[in-house]
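Just so you know, the sequence shown maps onto residues 25 to 110 in this note's numbering.
Every residue, glycine too, gets a C-beta built ideally from N, C-alpha and C.
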Amino acid sequence: MHTGPSLTGFSLQLFDDAQQEFSAEGYPTLCLVIPALERLHRNLSKSLNALEYAPFPEAIQVSLAAIERHYFRVENSDAYIICSGQ
Numbered sequence: 025m026h027t028g029p030s031l032t033g034f035s036l037q038l039f040d041d042a043q044q045e046f047s048a049e050g051y052p053t054l055c056l057v058i059p060a061l062e063r064l065h066r067n068l069s070k071s072l073n074a075l076e077y078a079p080f081p082e083a084i085q086v087s088l089a090a091i092e093r094h095y096f097r098v099e100n101s102d103a104y105i106i107c108s109g110q
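Right under this line is the structure:
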């Protein structure tokens with residue numbers, strides 16, 4: 025699966041990748057928010073069923089719920105709609 029920093033075996037690379045997309049210095053990133061959230065949600069959903077992440081179902085479910093809350097806020101934002109038209 026993913027490699028990178030880990031906290032008691034749980035890979036944090038998924039979150040680091042998403043954060044890097046939100047924090048790019050050389051170009052606007054708001055138009056990348058929904059695709060990054062969708063990718064993070066998809067990867068976490070796969071992790072939920074992976075044997076190596078079996079000890080972390082609650083943490084993954086809380087993360088998925090948070091992503092869903094933010095996704096719906098961004099999706100309905102006028103700023104996102106304007107940026108995604110560029």
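Asked                                                                                                                                     : Found
Between the alpha carbons of Pro79 and Leu72, how many angstroms are there, rounded?                                                      : 10 Å
Have a look at Ser69 and Val86 and give me their C-alpha separation to the nearest angstrom.                                              : 11 Å
Whose C-beta lies closer than 6 Å to the C-beta of Leu61 among residues of the same chain, with five residues either side of it excluded? : Ile91 and Tyr95
Helix, strand or coil: how does DSSP classify Phe46 here?                                                                                 : helix
Per DSSP, what kind of secondary structure is Pro59 in: helix, strand or coil?                                                            : helix
Can you grab the Cα-Cα spacing for the pair Glu82 / Leu75, in whole Å?                                                                    : 14 Å
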